[in-house]
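Peer 1: Okay, handing you the structure first.
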Amino acid sequence: MATSTVREASVEGPHHVEGVVDVDGVSVRYVDSGPRDEAAEDGTARPPIVLVHGTGGSIERDYGFLLPLLASRQRVVALDFARPEPPSDRLTLGHLERQVVAACEAVLPGRSVTLVGYSLGAVVATAVAAHRPDLADRLVTVAGWARTDTQQKLRNGVWRRLRTENSAALPSYMAFCALGGPFLAQATLEQLAPLLQHGTLDEFLDLQMALNESIDITDLLGRVRATTLVIGCAHDQMVPVRHSKALFGAIPDARYTEISSGHAVVFERPAQLVQIIDRFNADPDRHPAGSLIPEARV
Amino acid sequence: MNPTSDTLTHLPPPEHADVLVIGTGFAGLGTAARLKRRGTHSFVVLERADDVGGTWRDNTYPGAACDVPSHLYSFSFRPNPDWSRLFARGPEIHRYLRDTARDEGLLPHIRFGAEVTQARWDTVTRHWVVTTARGVFTGRFLVTGTGHLSDHSLPDIPGLAGFDGPVFHSARWDHGTPLAGKRVAVVGSGASAVQIVPEVAEAAAEVVVFQRSAPYVVPRPDRAYTDTEKRVFRRDPEAVPAHRAEIFWYLEAGYAARRAAPHQLAEAKAAARAHLERQVADPELRAALTPDYELGCKRVLISDTYYPALTRDHVRLEPSALAQLEPGTAVAASGARHAVDVVVLCTGFETAEPPYAHLVHDGAGTSLAEHWAQGMEAYASTTVAGFPNLFLVNGPNTGLGHNSIVHVIEAQVTYVLGALDWSRAHGDHDVEVTPAAQRRYTGELARRGADTVWHSRGCESWYLDPRSGRLTLIWPDFADEFRHRNGTFDPPAYRAPTLTPAPVTP
Numbered sequence: 001m002a003t004s005t006v007r008e009a010s011v012e013g014p015h016h017v018e019g020v021v022d023v024d025g026v027s028v029r030y031v032d033s034g035p036r037d038e039a040a041e042d043g044t045a046r047p048p049i050v051l052v053h054g055t056g057g058s059i060e061r062d063y064g065f066l067l068p069l070l071a072s073r074q075r076v077v078a079l080d081f082a083r084p085e086p087p088s089d090r091l092t093l094g095h096l097e098r099q100v101v102a103a104c105e106a107v108l109p110g111r112s113v114t115l116v117g118y119s120l121g122a123v124v125a126t127a128v129a130a131h132r133p134d135l136a137d138r139l140v141t142v143a144g145w146a147r148t149d150t151q152q153k154l155r156n157g158v159w160r161r162l163r164t165e166n167s168a169a170l171p172s173y174m175a176f177c178a179l180g181g182p183f184l185a186q187a188t189l190e191q192l193a194p195l196l197q198h199g200t201l202d203e204f205l206d207l208q209m210a211l212n213e214s215i216d217i218t219d220l221l222g223r224v225r226a227t228t229l230v231i232g233c234a235h236d237q238m239v240p241v242r243h244s245k246a247l248f249g250a251i252p253d254a255r256y257t258e259i260s261s262g263h264a265v266v267f268e269r270p271a272q273l274v275q276i277i278d279r280f281n282a283d284p285d286r287h288p289a290g291s292l293i294p295e296a297r298v
Numbered sequence: 001m002n003p004t005s006d007t008l009t010h011l012p013p014p015e016h017a018d019v020l021v022i023g024t025g026f027a028g029l030g031t032a033a034r035l036k037r038r039g040t041h042s043f044v045v046l047e048r049a050d051d052v053g054g055t056w057r058d059n060t061y062p063g064a065a066c067d068v069p070s071h072l073y074s075f076s077f078r079p080n081p082d083w084s085r086l087f088a089r090g091p092e093i094h095r096y097l098r099d100t101a102r103d104e105g106l107l108p109h110i111r112f113g114a115e116v117t118q119a120r121w122d123t124v125t126r127h128w129v130v131t132t133a134r135g136v137f138t139g140r141f142l143v144t145g146t147g148h149l150s151d152h153s154l155p156d157i158p159g160l161a162g163f164d165g166p167v168f169h170s171a172r173w174d175h176g177t178p179l180a181g182k183r184v185a186v187v188g189s190g191a192s193a194v195q196i197v198p199e200v201a202e203a204a205a206e207v208v209v210f211q212r213s214a215p216y217v218v219p220r221p222d223r224a225y226t227d228t229e230k231r232v233f234r235r236d237p238e239a240v241p242a243h244r245a246e247i248f249w250y251l252e253a254g255y256a257a258r259r260a261a262p263h264q265l266a267e268a269k270a271a272a273r274a275h276l277e278r279q280v281a282d283p284e285l286r287a288a289l290t291p292d293y294e295l296g297c298k299r300v301l302i303s304d305t306y307y308p309a310l311t312r313d314h315v316r317l318e319p320s321a322l323a324q325l326e327p328g329t330a331v332a333a334s335g336a337r338h339a340v341d342v343v344v345l346c347t348g349f350e351t352a353e354p355p356y357a358h359l360v361h362d363g364a365g366t367s368l369a370e371h372w373a374q375g376m377e378a379y380a381s382t383t384v385a386g387f388p389n390l391f392l393v394n395g396p397n398t399g400l401g402h403n404s405i406v407h408v409i410e411a412q413v414t415y416v417l418g419a420l421d422w423s424r425a426h427g428d429h430d431v432e433v434t435p436a437a438q439r440r441y442t443g444e445l446a447r448r449g450a451d452t453v454w455h456s457r458g459c460e461s462w463y464l465d466p467r468s469g470r471l472t473l474i475w476p477d478f479a480d481e482f483r484h485r486n487g488t489f490d491p492p493a494y495r496a497p498t499l500t501p502a503p504v505t506p
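In structure tokens, the structure reads:
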């Protein structure tokens, strides 16, 4: 078990705290935002949400929209993954799990939370839910997966090759993979320009990409006790919906829904995603386990 | 009401229907179409004008167009594959509503020229009695679809009577007044004005725009649909819903800025600022066009032609209100005097105190307006305690700053139909919301709206009630949250149909 302490915390506003948790010798930055009271203005109680970002992401990059909007109705804690120290050649799922657990135990001691993970973060959140059922009684996976398959390995291989060659094509390739067809159909290259220079390429990202290549948490899924919502992205080329369907099939208390976006759902359809998560957190049993919840038509 | 026997003989006998609907805009026609489609034929729609279309019938000013893309600004149950552009112009939207009335079989139900003069709940017959310019109508249920932008607001301008040229409101455009070669004053700089100014500037010799406060203006990504796209919309039944969804969720993200999420608000302001800097080079004009309040407090306007029109040689921006009129002259609050021949009032609509509220009375004869002395309120934004079987569609707390009102209207219509079914299933029990439920809901919205830009410092807008400062017009949340919260009739908020015996507990 990770030993964790809150090292520092600064109050940014009435309901917004930033701090750092020490775990395994590294400092993990977190944000703690939103009402401390579980009763929202509509009278429903929502447990705190813990947001876990994806590969190469950060609180701001993956949850820049979701965090302030979710925090208008419930307490939200989000953390930035940190590269383990001392530097090693390998990043394991265990490293990232311990960082999530540390943030939960330090910021929300004794509380059961709703874990929300996106992409690699969904893998981490699912593993935490399996290993620590006391910590999370609700789980939301967004574009998550259980075992890396051939399509993902192919993509990962191209990525690694471009990265090794320091290719100028890498940002475009990442956008090409991340964004959904319907979204791209409405966008121009000019509009995408800022996105194409967004990514930070560093060794920690390389470690996460290496981890992505060998994910296999299939043995853990049956142990997830949390009330779970699995969200697949219909036009996802990086983690196609069959992966979310597999999570839906394996996690006992799971319900499933889809969003018509690419993998970059936090960017393409943040308003839809935030409302789905908020409603699940207010009433997780609204749809019984096994439900395929159709995407709402507007 | 004390009609003489003489007027009585001239009035037809009361016409009765299960449901009375007021108005033939999106709210009224949407309600009627859904009633008709589900096989409810006992309804009458009261319309004061001689044509359907609401706002889109009345606002015939040059350049009138919608600020919400048309595929979304139309009924989900009546997709129109033939929208000519992303943002259709007024006449095309009006045509859509006329087609809706005809094709949905609503025309036989509509009574034109039936301006409502009074509606009251009869506690004896348990019916609504609605008096109109063409007779009395009775119905078990009353649905108002009177809209936010139906009664235009005329400011009290000193010297108006003495002004010697034409003066008219944008929503009552005087097409008989040619503007070619004239000096025209446009009073106001809101949604109507930014559409009107570029058009008027084409014809008029001189234009002066009186601006009390500068609006935020962002680009209008308009374009025509190709014939191929239109045919895909016709041939593939999934194409329109998919297109609607893309637009809807794109717009829906705009709520983050209204909630004052710092990053999203900064991004929205940067987009507006970049638009201004791209289109206006003159630093003085730029400064005058820079808003001094938070983005989203008032409606964010969408135009690519407004700023360029203001940079034309014969167009001037007067950065103050119109103070008074003198013959041949419009005097600004700044003291500046502008020689003008025609005055166009783009001064908006009666929103905080809608005129219909004075016409609708409860069983004791108290009007909605009196109930609403501190501002409009309705449970689920639809029903009012003390007013049984009354439903307000597009009434209090339904307005959106970031998405399509038709989405809200459709959710409300579904709610109303659910209420009708519930009433029927319980022996025609009256639908009457409890005061407690209404208080709870109103309090919830007040708390929800507290941290939004509508309550930001220095924000004064038509979304707020001037008497109480309450946010009475705006729905202070995501548009889809409206449907989630208010799209399904919820019996617990209403007076129970029968006394249920207390459960026996061992």
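These protein sequences, in sequence, are chains A and B.
Residue numbering for the first sequence follows full-length UniProt numbering, starting at 1 and increasing by one per position.
Residue numbering for the second sequence follows full-length UniProt numbering, starting at 1 and increasing by one per position.
We treat Cβ as the ideally placed atom computed from N, Cα and C, and that holds for glycine.
Measuring CB to CB, does Thr-398 of chain B end up less than 7 angstroms from Trp-475 of chain B?
Peer 2: Yes, Cβ-Cβ distance for Thr-398 of chain B and Trp-475 of chain B is below 7 angstroms.
Peer 1: Do you know offhand how far Thr-3 of chain A's Cα is from Gly-487 of chain B's?
Peer 2: Because Thr-3 of chain A sits at a pLDDT of 45, beneath the cut-off of 50, its placement in the model cannot be relied upon, and the point is left open.
Peer 1: Just confirm the distance between the C-beta atoms of Asp-122 of chain B and Val-129 of chain B, as a whole number of angstroms; I'd bet it's less than 8 angstroms.
Peer 2: Yes, they are in contact, since the Cβ atoms of Asp-122 of chain B and Val-129 of chain B sit about 5 angstroms apart, within 8 angstroms.
Peer 1: Using 7 angstroms as the threshold, is the C-beta distance between Tyr-494 of chain B and Val-431 of chain B below it?
Peer 2: In contact: Tyr-494 of chain B and Val-431 of chain B (Cβ atoms closer than 7 angstroms).
Peer 1: Quickly, what does DSSP pair Ile-49 of chain A with across the bridge? List them, please.
Peer 2: Paired residue(s): A:Val-76, A:Thr-114.
Peer 1: So, is the C-beta of Glu-294 of chain B closer than 7 angstroms to a C-beta in chain A?
Peer 2: No, Glu-294 of chain B lies away from the interface with chain A (no Cβ there is under 7 angstroms from its Cβ).
Peer 1: Below 8 angstroms, how does it come out for the region 164–184 of chain B and the region 195–204 of chain B: are there three or more Cβ pairs, yes or no?
Peer 2: Yes: at least three Cβ pairs fall under 8 angstroms.
Peer 1: With 8 angstroms as the C-beta to C-beta threshold (strictly closer), list the residues of the region 217–245 of chain B near chain A in chain order.
Peer 2: Taking 8 angstroms as the Cβ-Cβ cut-off against chain A, the residues of the region 217–245 of chain B that qualify are Pro-241, Ala-242, Arg-244, Ala-245.
Peer 1: Using the C-alpha atoms, what's the distance from Glu-238 of chain B back to Phe-248 of chain B?
Peer 2: When rounded, the distance between both Cα atoms is 15 angstroms.
Peer 1: Could you work out which residues of chain B lie near Phe-65 of chain A, taking near to mean beta carbons separated by less than 9 angstroms?
Peer 2: What Phe-65 of chain A touches in chain B: Ala-253, Ala-256, Ala-261, His-263, Gln-264.
Peer 1: Tell me, please, whether the region 283–291 of chain A touches the region 123–135 of chain A by the rule of three or more beta-carbon pairs shorter than 8 angstroms.
Peer 2: The region 283–291 of chain A vs the region 123–135 of chain A: no contact.
Peer 1: Helix, strand or coil for Trp-173 of chain B, going by three-state DSSP, please let me know.
Peer 2: In this structure, Trp-173 of chain B counts as coil in the three-state DSSP scheme.
Peer 1: Does DSSP put Asp-206 of chain A in a helix, in a strand, or in coil?
Peer 2: If DSSP states are grouped into helix, strand and coil, Asp-206 of chain A belongs with the helices.
Peer 1: Excluding sequence positions up to five away, which residues of its chain have a Cβ less than 8 angstroms from the Cβ of Asp-216 of chain A?
Peer 2: Closer than 8 angstroms at the Cβ level, and outside the excluded window around Asp-216 of chain A, lie Ala-146, Arg-147, Thr-148.
Peer 1: Looking only at C-alpha atoms, which of B:Cys-297, B:Val-344, B:Gly-335 sits nearest to Pro-155 of chain B?
Peer 2: The shortest Cα separation from Pro-155 of chain B among B:Cys-297, B:Val-344, B:Gly-335 belongs to B:Val-344.
Peer 1: Could you tell me which chain A residues have their CB closer than 8 angstroms to the CB of Ser-76 of chain B, listed as they occur along the chain?
Peer 2: Those within 8 angstroms of Ser-76 of chain B in chain A are Arg-297, Val-298.
Peer 1: Would you say Tyr-494 of chain B reaches chain A, if we count a Cβ-Cβ gap shorter than 7 angstroms as a contact?
Peer 2: Closer than 7 angstroms: no.
Peer 1: Applying a beta-carbon distance threshold of less than 9 angstroms, which residues of chain B neighbour Ser-260 of chain A?
Peer 2: Simply Ala-242, Ala-245, Glu-246, Trp-249.
Peer 1: To the nearest angstrom, how far is the alpha carbon of Trp-241 of chain B from that of Pro-355 of chain B?
Peer 2: The displayed chain sequence assigns Pro, not Trp, to residue 241 of chain B. Taking the straight line joining both Cα atoms gives about 36 angstroms.
Peer 1: So with Cβ pairs under 7 angstroms, would you call Asp-480 of chain B a contact of chain A?
Peer 2: Closer than 7 angstroms to some Cβ of chain A, the Cβ of Asp-480 of chain B qualifies, so yes.
Peer 1: In the DSSP assignment, what residue or residues form a beta bridge with Leu-20 of chain B?
Peer 2: DSSP output for Leu-20 of chain B lists B:Val-44, B:Leu-142 as bridge partner(s).
Peer 1: Between the region 252–264 of chain A and the region 198–211 of chain A, are three or more C-beta pairs nearer than 8 angstroms?
Peer 2: No, they do not touch.
Peer 1: Can the beta-carbon of Leu-97 of chain B be found less than 7 angstroms from the beta-carbon of Leu-20 of chain B?
Peer 2: Contact flag unset, no.
Peer 1: Leaving out five residues on either side along the sequence, give the residues of the same chain with a beta carbon under 6 angstroms from the beta carbon of Glu-258 of chain A.
Peer 2: Correct list, in chain order: Gly-232, Ala-234, Glu-295.
Peer 1: Ignoring anything shorter than 3 residues, give me the beta strand (DSSP E) runs that lie fully in the region 21–97 of chain B, in order along the chain.
Peer 2: 43–46, all fully within the region 21–97 of chain B.
Peer 1: Beta-carbon within less than 7 angstroms of Arg-160 of chain A's beta-carbon, same chain only, minus the 5 sequence neighbours each way: which residues are those?
Peer 2: Only Met-209 meet the Cβ criterion.
Peer 1: Taking Cβ-Cβ distances below 7 angstroms as the criterion, which residues of the region 71–101 of chain A are in contact with chain B?
Peer 2: So the list reads Ser-72, given in the order they occur along the chain.
Peer 1: How is Phe-280 of chain A classed by DSSP in three states: helix, strand or coil?
Peer 2: Looking at Phe-280 of chain A - three-state DSSP - the assignment turns out to be helix.
Peer 1: Is it right to say Lys-153 of chain A is buried, meaning 16 or more other beta carbons lie within 10 angstroms of its own, or is it exposed?
Peer 2: Under this definition Lys-153 of chain A is an exposed residue.
Peer 1: Would you decide whether Thr-290 of chain B is buried or exposed? Buried here means 16 or more other CB atoms lie within 10 Å of its CB.
Peer 2: It counts as exposed.
Peer 1: At 3 residues or longer, what runs of the beta strand (DSSP E) sit wholly inside the region 82–164 of chain A?
Peer 2: List check, beta strand (DSSP E) in window: 113–118, 136–142.
Peer 1: For the pair the region 478–487 of chain B and the region 393–412 of chain B, tell me if three or more CB-CB distances fall below 8 angstroms.
Peer 2: Yes, since at least three Cβ pairs between the region 478–487 of chain B and the region 393–412 of chain B fall closer than 8 angstroms, the two stretches touch.
Peer 1: Return the bridge partner residues of Cys-346 of chain B from the DSSP annotation.
Peer 2: Its beta-bridge partners do not exist; DSSP assigns none.
Peer 1: Count the C-beta pairs between the region 434–445 of chain B and the region 378–395 of chain B that are closer than 8 angstroms, then say yes if the count reaches three, no if not.
Peer 2: Contact holds: three or more Cβ-Cβ distances are below 8 angstroms.
Peer 1: Pull up the DSSP beta-bridge partners for Leu-285 of chain B, would you.
Peer 2: For Leu-285 of chain B, which the question treats as bridged, DSSP gives no partner whatsoever.
Peer 1: Given that Asp-451 of chain B touches chain A, what residues does it touch there, using C-beta distances under 9 angstroms?
Peer 2: Correct list: Ser-72.
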